[in-house]
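Accompanying notes for the structure given below.
Protein chains: 2
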Amino acid sequence: MQIIGEKINGTRKRVAQAIADRDADFIKNLAAKQAEAGSTWLDVNAGTHPDREPDDLIWLIETIQPVVDIPLCLDSANPKALQIAIKAVEKTPMINSISGEPDRLENVLPLVAEHNCQVIALAMDDKKIPETGEQRIEIVRKVLAETRAAGVPDARVYCDPLAMTIATNPNSAVVAFQTMQAIKQEFPEVHLTVGLSNISFGLPARKYVNRTFLALAMQAGLDSAILDPLDRDMRAAILTAELVLGRDDYCLNFVRAARAGAFDEKV
Amino acid sequence: MQIIGEKINGTRKRVAQAIADRDADFIKNLAAKQAEAGSTWLDVNAGTHPDREPDDLIWLIETIQPVVDIPLCLDSANPKALQIAIKAVEKTPMINSISGEPDRLENVLPLVAEHNCQVIALAMDDKKIPETGEQRIEIVRKVLAETRAAGVPDARVYCDPLAMTIATNPNSAVVAFQTMQAIKQEFPEVHLTVGLSNISFGLPARKYVNRTFLALAMQAGLDSAILDPLDRDMRAAILTAELVLGRDDYCLNFVRAARAGAFDEKV
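Residue numbers (the numbering used here), protein chains in the order written: chain A, 134 to 400; chain B, 134 to 400.
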């Protein structure tokens with residue numbers, strides 16, 4: 134399971150503050166902790182302020198890179214910010230994200246292709262988020278046609294089937310699972326990723342919903358997720374799901390984590 | 134999700150003691166609590182003492198019936214004990230269990246047919262427990278041919294694909310899931326059930342393994358399980374899996390359980 138650490142995100146209040154204050158220690162600490170906790174990439178989102186975003190993004194990248202060995206995942210809806218930021222990164226980054234939206238395909242995809250990036254591809258376009266798995270697959274097909282045409286191998290594409298909250302649509306997790314299975318069947322090289330935070334929006338006991346959704350999504354083929362790697366429950370859920378799904382040889386990771394206290398009752 | 138409450142089992146030390154002492158209060162309490170916690174059936178196992186089993190089973194049945202409204206699941210490997218016990222039950226019981234073993238098919242199946250019982254059918258025969266899903270399906274096919282020939286409708290058969298511990302075979306949960314999916318595909322009317330206790334045998338943090346296995350098995354089609362209905366973690370896992378799998382209309386059960394404290398941190 135590949136983890137995209139989600140915590141350095143300028144839409145979160147505390148991080149926005151740290152960016153505004155140029156509080157490098159806060160950001161470095163958040164980066165180092167997420168890397169230690171096993172992240173494969175660190176998502177870096179400078180917030181949505183159009184004039185400040187490129188500068189903020191560069192500052193974040195230059196602050197984070199000296200303290201971690203893992204690559205970044207540049208998270209922006211702004212092709213210009215990405216274009217500038219990509220020059221500041223040392224390791225080939227992941228790009229978050231493209232979708233069926235023509236603007237993203239036209240302006241972000243060439244960057245992905247040119248710099249050999251991995252890229253998150255959302256199963257949505259410029260209309261509303263499709264309700265059915267079949268409609269989402271349709272969009273994924275279009276996006277994959279474009280990534281292939283741009284020379285990006287399927288194995289560098291991380292499809293996000295979109296997990297909307299169960300609170301307003303009881304089938305939204307099921308639709309996400311069906312979309313994942315259909316993508317895996319049609320595009321076996323493509324990776325599957327998902328942003329977890331929406332699935333339980335508006336519900337009580339959210340961590341129960343999130344960890345169960347994650348385990349079931351792993352059974353449906355999920356091999357990556359955008360989440361908080363410092364969340365103890367989430368790490369326990371991933372370790373356990375990998376064990377139960379036969380992906381933990383000799384139960385080594387699970388038993389080692391148990392010895393280190395990963396499953397102990399909270400004190 | 135239909136629950137077969139597992140606690141009244143004479144192979145457990147405390148229950149064996151209560152049976153030996155004819156401690157009716159202890160048994161009544163165990164029965165009432167499991168029924169309150171939402172069991173569909175109560176498993177009743179009098180232990181494995183051949184001379185005492187029929188008497189003990191009758192005593193258990195007569196002790197339990199006055200305090201619960203739900204049917205029993207008569208759990209015995211001894212056809213004679215079942216034959217005697219079935220006369221003492223008021224509501225049509227489930228029988229635990231038949232399998233591909235000729236002795237069980239010959240001696241237990243006629244009872245199931247005669248009394249219109251539900252029956253648990255294990256995916257094993259008199260040889261060792263088969264390692265692969267394909268071998269287990271082979272046995273299920275033979276058993277279903279027999280139950281059909283005896284006039285037992287598929288909808289009264291609860292197939293147990295067998296969950297062996299992951300500690301000695303990392304694929305054992307995966308094999309169980311594959312077996313479940315194959316059974317559902319070939320025999321859509323058949324129910325799926327499973328004894329949960331073995332899956333995590335020999336591992337640390339067993340409750341994590343058990344609840345994750347249960348959620349993933351529900352995704353694979355499990356609609357019943359033999360478990361401890363008083364186990365708070367297990368109930369939370371079932372409620373959450375039903376929510377995520379789109380089987381909880383308007384999130385009603387989940388939200389109601391959350392309000393009643395089902396997901397609160399332990400105090």
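All residues carry an ideal CB built from backbone N, CA and C; glycine is no exception.
Relative to P199/B, the option among P294/B, K161/B, N211/B, K220/B whose CA is nearest is K161/B. Judged by DSSP secondary structure, A153/A falls within the alpha helix (DSSP H) whose first and last residues are 146-153.
For the C-beta of A300/B, the chain A residues within less than 8 Å are, from N- to C-terminus, C384. Rounded to whole angstroms, the gap between the alpha carbons of R365/A and H248/A is 34 Å. Its chain contains S305, N331, I332, S333, F334, G335, L336 as the residues whose beta carbon lies nearer than 8 Å to that of T298/B, once the 5 sequence neighbours on both sides are disregarded; these appear in chain order. Per DSSP, Y341/B is not a residue of any beta strand (DSSP E); the alpha helix (DSSP H) it occupies stretches across 339-352. With distances taken between CA atoms, V327/A lies nearest to A358/A out of A358/A, F310/A, I217/A. Across the structure, S172/A and I371/A are spaced so that their CA atoms are roughly 13 Å apart. Residues are counted here when their Cβ sits less than 7 Å from a Cβ of chain B; for the region 340-374 of chain A these are Y341, V342, T345, F346, A348, L349, Q352, A369, T373, A374, given in chain order. In the structure shown, the three-state DSSP call for S230/A is strand. In this chain, V285/B is not harboured by any alpha helix (DSSP H), its DSSP state being neither H nor E. Of the candidates L215/B, A374/B, I152/B, L363/B, L215/B places its Cα closest to the Cα of I228/B. At a cut-off of 9 Å between C-beta atoms, P303/B counts as an interface residue with respect to chain A. By the neighbour-count criterion, in which a residue is buried when 16 or more other Cβ atoms sit within 10 angstroms of its Cβ, D202/A is exposed. For G379/A, the nearest CB of chain B lies under 9 Å from its own CB, placing it at the interface with that chain.
The DSSP-derived three-state label of C384/B is helix. Proximity of F396/A to chain B, defined by a Cβ-Cβ separation below 9 Å, is satisfied. The beta carbon of V327/B sits no closer than 9 Å to any beta carbon of chain A. Taking the C-beta atoms as reference points, L349/B is found nearer than 9 Å to L349/A.
Within the region 163-240 of chain B, the runs of beta strand (DSSP E) at least 3 residues long that lie entirely inside it are, in chain order, 174-177, 205-208, 227-231. Under the DSSP assignment, I359/A falls outside any alpha helix (DSSP H), being part of the beta strand (DSSP E) whose first and last residues are 357-360.
Residues of the same chain with a CB within less than 6 Å of the CB of G143/A, apart from the 5 flanking positions on each side, are A149, I152, N178, A179, G180 in chain order. Interface flag for R274/A against chain B is unset, since no Cβ pair is found closer than 9 Å.
Here DSSP, grouped into helix, strand and coil, assigns A370/A to helix. Residues of chain A whose Cβ lies closer than 7 Å to the Cβ of V241/B do not exist; the shortest such Cβ separation is about 32 Å. By a beta-carbon distance limit of 8 Å, D287/A contacts E322/A. Their separation comes to about 4 Å.
Against chain B, the beta carbon of L376/A has neighbours under 7 Å at I299, V342, listed in chain order. Taking the CA atoms as reference points, R339/A sits about 35 Å from D188/A.
A straight-line Cα-Cα distance of about 43 Å links V276/B and G394/B. Between the beta-carbon of A283/A and that of P226/A there is about 17 Å, and that puts the pair past the 8 Å contact cut.
Scanning chain A for C-beta atoms nearer than 9 Å to the C-beta of L238/B yields nothing, as the closest lies near 32 Å away. When rounded, the separation of the alpha-carbon atoms in K260/B and D236/B is 13 Å.
Rounded to the nearest angstrom, the gap between the Cα atoms of T280/B and Q268/B is 19 Å.
Contact note: L205/B does not reach chain A at a C-beta cutoff of 9 Å; the least C-beta distance is about 31 Å. The Cβ of L336/B sits closer than 9 Å to at least one Cβ of chain A. The Cβ atoms of A353/A and R368/A lie no closer than 9 Å to each other.
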